[in-house]
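Structure record follows, encoded as structure tokens.
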Amino acid sequence: MSKVLLSFGIAEKLQHIYPDVEKLTIDTDDEIVSWPEVAKAFPNVKAIKIREVAKIAEQRTIDSDFFTLFPALESLITDEVVDTDFTNVNPNTLSHLSELSIGRSSSSDLSVLGELPNLKTLTITIKNKALRFYTQANSGLEKVKL
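Okay, here's the thing in structure tokens:
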């Protein structure tokens, strides 16, 4: 298992494939062309941390397409610069997720997160004042902070 920090020279790094990388930190002002390019370069990533990425915030949203691209994802941590939208997210694409710490979400319905048996820790900042969040009997949640 190895980890990578994407900070400078991202375009060049995304032209290669890193099958042994399981932990990815994105901390940059460089432009990231697309989430599919990140997924192609890091096909086995299990943990992603995104922080202080001003230009990405304007271009990228973490949504159902993002989660489809990273099917082995166990941990996702973002700060408030990137929006996360759980609309139309298939719970099967989140089946390995055990830790989720989201700095900003525009979703008003987080019930998909209550359906995940492996999700143990959930920390999320919500933009909407009206929120719907249900958990199922098989929910693995042990710690929730909304």
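Here the UniProt record's numbering is used: the first residue of the sequence shown is 1, the next is one more, and so on. Positions of the beta carbon are idealized from the N, C-alpha and C atoms, including for glycine.
What number of angstroms, rounded off, separates the C-alpha of residue i from the C-alpha of residue j?
| i | j | result |
| --- | --- | --- |
| residue 93 | residue 60 | 19 Å |
| residue 84 | residue 68 | 14 Å |
| residue 122 | residue 62 | 16 Å |
| residue 100 | residue 30 | 25 Å |
| residue 51 | residue 65 | 20 Å |
Please return the same chain residues whose Cβ sits closer than 6 Å to the Cβ of residue i, not counting the five positions on each side in sequence.
| i | result |
| --- | --- |
| residue 138 | 117 |
| residue 20 | 2 |
| residue 142 | 120 |
Compare the Cα-Cα distances from residue i to each of the options and report the closest residue.
| i | options | result |
| --- | --- | --- |
| residue 76 | 129, 120 and 127 | 120 |
| residue 10 | 49, 146, 129 and 37 | 37 |
| residue 132 | 110, 46, 145 and 146 | 110 |
Classify residue i: buried if its beta carbon has 16 or more other beta carbons within 10 angstroms, exposed otherwise.
| i | result |
| --- | --- |
| residue 107 | buried |
| residue 130 | exposed |
| residue 2 | exposed |
| residue 70 | buried |
| residue 17 | exposed |
| residue 86 | buried |
| residue 6 | buried |
Would residue i pass as an interface residue toward chain D - the criterion being a Cβ-Cβ separation below 8 Å?
| i | result |
| --- | --- |
| residue 29 | Protein chain content of the structure displayed is limited to a single chain, and chain D is not contained in it. |
For residue i, collect the residues of the same chain with a Cβ closer than 8 Å to its Cβ; drop the 5 residues on either side in sequence, then sort them by chain order.
| i | result |
| --- | --- |
| residue 46 | 22, 23, 72, 73, 74, 75 and 96 |
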